[in-house]
Amino acid sequence: SRAVAEAPSDAQLPPRSAGVCEHATPLTVDGTRGNSATGQDAAAVPGAAPASAAGTIGAPALSDRSARAALCVPGFTITPVATAETRLDTQMRLQTWLRKAGEYRMAHSTVATACAERGSLAAFAQLLASNAVSIMLLLGPDLAAVAAVASALISAFAGFVRFFDFNSRAASHSQASRTFAAIERDLMMMITTGSAAEQRSAFDSIGDRFSLAEANAPDLPDDVTDDKDDDTDELLYPNITPAARRLEVQHIAEAVVATA
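Be aware that the sequence shown starts at 1221, since it is given in the working numbering, and climbs by one per residue.
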């Protein structure tokens, strides 16, 4: 069985300033340490500054006694934890998704409202034209030719409305808006109340939900994503414009090539 190392006294603990621990496994330049006794991979030392191969600790930010004592226990392996940079990166990604989800929600809601209004106007125009043709036929045979031409125009207009399918487009954009609203709500809850561990554990699942929502959502017209505020002349949806989406795809492609 593995022997339990005796914890050093306060006098044996390494100082908070730079120093050499005689029992410490040599540290690498990135603040990691290997475990030759167990053969485990190098693990990051939380809060440790870059150190030399001789085991010199560059002013470790360790205030807890047990954490400082662990640096002197032979064969001790420190479990890697998320650094401040990792937590910051997670927070930044979550906040980016939050902004994009909010912009997608508003943009899809705007398109859904516009499509619903156009569908209603088209249906109302068809109803009025059909009633006008019926009245022409009732007035007598003199208006029969005019009624026939009006009927042909109404049929062409009905085909035009069916081609653009305003009602179905309004329904699909409304569904996309509700989907992004749910994601936005969950992201807001995670950012404001979730701990760092909860954010890291939910990071992948929220990212998958966001990517799936983007893939299933109908395309947004460029005149909507490029829309600007009338007063400030700033983009209303700067994170989902075609240029922003192309730049994001380029960054993803570069990251894939870099990790290949």
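Here a beta-carbon is modelled for each residue, glycine too, at the ideal position from N, C-alpha and C. The structure presented is a predicted model; accordingly, all values stated were derived computationally and were not measured.
If you count every other CB in all the chains shown that lies within 10 Å of the CB of residue i, and 16 or more means buried, which is it?
i	result
E1404	buried
I1355	exposed
D1406	buried
A1289	For A1289, the predicted model reports a pLDDT of 40, less than 50, meaning its position is unreliable; a value from the coordinates is still stated below. Buried is the call here.
V1353	buried
V1249	Reliability fails at V1249, whose pLDDT of 38 lies under 50, so the model's placement of it is uncertain and no value is given.
T1479	exposed
G1360	exposed
I1472	exposed
Could you tell me whether the Cβ atoms of residue i and residue j are closer together than 8 Å?
i	j	result
E1418	M1410	yes
L1357	A1349	no
H1328	A1422	no
A1343	H1393	no
E1337	N1459	no
S1397	R1325	yes
D1449	L1440	no
Suppose you measure from the CA of residue i to the CA of residue j; what does that come to, to the nearest Å?
i	j	result
P1462	S1425	25 Å
D1453	D1447	9 Å
A1464	Q1395	23 Å
D1362	L1373	19 Å
V1444	D1428	25 Å
Whole-angstrom Cβ separation of residue i and residue j, contact assumed at under 8 Å?
i	j	result
R1420	T1310	6 Å
A1433	F1400	6 Å
F1430	A1334	Not quite, the Cβ-Cβ distance comes to about 25 Å (not below 8 Å), so this is no contact.
Residue i: which of the options sits nearest, CA to CA?
i	options	result
Q1346	Q1315, T1413 and G1379	G1379
W1317	F1384, S1340, N1351 and A1402	A1402
G1339	S1388, D1451, D1439 and A1416	S1388
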